[in-house]
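Taking it in order: structure first as structure tokens, then the write-up.
There are 2 protein chains.
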Amino acid sequence: MTGNLKIKLQLYCGAEIAMGPGKADLLEAIAREGSISGAGRALGMSYRRAWLLVDTMNRCWDVPLVETAPGGNHGGGARLSDLGRSVLGRYRELQQRLEHSADCEPLKALASALREVPRASQKGE
Amino acid sequence: MTGNLKIKLQLYCGAEIAMGPGKADLLEAIAREGSISGAGRALGMSYRRAWLLVDTMNRCWDVPLVETAPGGNHGGGARLSDLGRSVLGRYRELQQRLEHSADCEPLKALASALREVPRASQKGE
């Protein structure tokens, strides 16, 4: 978020989103928590949802981004592969580059015409 | 879309999205079609949805982006205000700037590790 602006970067593999804001946050949480279930919990996401996002990522890149160890009900531990760390780092780099680049005249002009809060809706119309 | 990358820019006014990809396309369609209903039809969007997007835009900026003339069931004609044209132009300018800026090493590295199509899902797991 740069002031009023939110920049969302999505990398596609065919029709699937191979990397985006939610998946990047999940990779970071997996690196920190050491498991998919722990990462899901930390992000307030169901295990099923976290697992599906990991499954999508793992199918879209040359090699899986997340390596899992077998175990327990909700799987054992999980960690980022070398490619996982590299993809996450470059995605963040790209994001920072674009946020820096967005700090320009057109954005200032847009921001200066934005209200602080929206007017009330004329829903009756 | 720059190769595999999609950049979505959203401008917020409080919790509402004052401008984004769908709203910018709608503004262009209104300028071209001369009415909200015509623009909605051109984009395969219901009149209600188009009207709600216009309502949100009109509440988020210093002055409304879309001016409507009273009339018929689904309103009369509609056109962009001066601010509407200016906001649309600057939004497109910002978008082009970021797409240009995204054409860089980190993106090339990411793209080179993306598969052409995803592997099949291991949904059985």
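Taken in sequence, the protein lines are chains A and B.
Residue 92 in my numbering is what sits at position 92 of the first sequence, and the numbering runs on without skipping anything.
Take the position in the second sequence, starting the count at 1, then add 1000; the result is the number in my numbering.
Backbone N, C-alpha and C define an ideal beta-carbon position, used for all residues, glycine too.
Check: In DSSP terms, what T1056(B) is bridged to; Outcome: Answer by DSSP bridge pairing: none, since T1056(B) is not bridged.
Check: The region 1081-1092 of chain B contacting the region 101-113 of chain A, beta-carbon criterion three pairs below 8 angstroms; Outcome: yes
Check: Beta-carbon spacing of P118(A), C1104(B) below 8 angstroms; Outcome: no
Check: Contact residues within the region 38-72 of chain A, judged by C-beta distance below 7 angstroms to chain B; Outcome: D55, R59, C60, W61, D62
Check: Test: G76(A) CB closer than 8 angstroms to a CB of chain B; Outcome: no
Check: Nearest-angstrom beta carbon gap, I30(A) and A69(A) [assumed within contact, 8 angstroms]; Outcome: Their Cβ separation, rounded to whole angstroms, is 12 angstroms, which puts A69(A) and I30(A) out of contact at 8 angstroms.
Check: Pick from L1053(B), A1050(B), W1051(B), R1097(B) that is closest to K1008(B), judged by C-alpha positions; Outcome: R1097(B)
Check: Within 8 angstroms, strictly: CB atoms of S81(A) and V63(A); Outcome: yes
Check: Where the alpha helix (DSSP H) containing E1067(B) begins and where it ends; Outcome: Taken as a continuous stretch (DSSP letters only), E1067(B) belongs to no alpha helix (DSSP H), being part of the beta strand (DSSP E) at 1066-1068.
Check: Proximal chain B residues relative to A109(A), where beta-carbon distance stays under 7 angstroms; Outcome: R1090
Check: Contacting residues, own chain, Cβ-Cβ under 6 angstroms from E1033(B) (five flanking each side not counted); Outcome: A1039, A1042
Check: Cβ-Cβ distance between K1006(B) and Q10(A) below 8 angstroms; Outcome: yes
Check: R79(A) - containing beta strand (DSSP E), residue span; Outcome: 78-80
Check: Proximal chain B residues relative to L83(A), where beta-carbon distance stays under 8 angstroms; Outcome: A1113
Check: C-alpha distance - E1016(B) paired with S121(A), whole-angstrom precision; Outcome: 12 angstroms
Check: E953(B), DSSP secondary structure in three states; Outcome: Since the first residue of chain B shown is 1001 and the last is 1125, residue 953(B) is not available in this structure.
Check: E1125(B) to R1090(B) span [Cα, whole Å]; Outcome: Since pLDDT at E1125(B) reaches only 45, below the 50 mark, its modelled position is unreliable, and no value is offered.
Check: Residue nearest to L1027(B) in terms of C-alpha spacing, selected from L1052(B), N1004(B), R1059(B), L1065(B); Outcome: L1065(B)
Check: Close beta carbons around G1020(B), own chain, < 6 angstroms, minus the five adjacent residues each side; Outcome: Q1010
Check: Complete alpha helix (DSSP H) runs within the region 1024-1054 of chain B (minimum length 4 residues, chain order); Outcome: 1036-1042
Check: N- and C-terminal bounds of the alpha helix (DSSP H) containing L1107(B); Outcome: 1105-1113
Check: Within 8 angstroms of chain A by C-beta, residues of the region 1096-1108 of chain B in sequence order; Outcome: R1097, L1098, S1101, A1102, C1104, P1106, L1107
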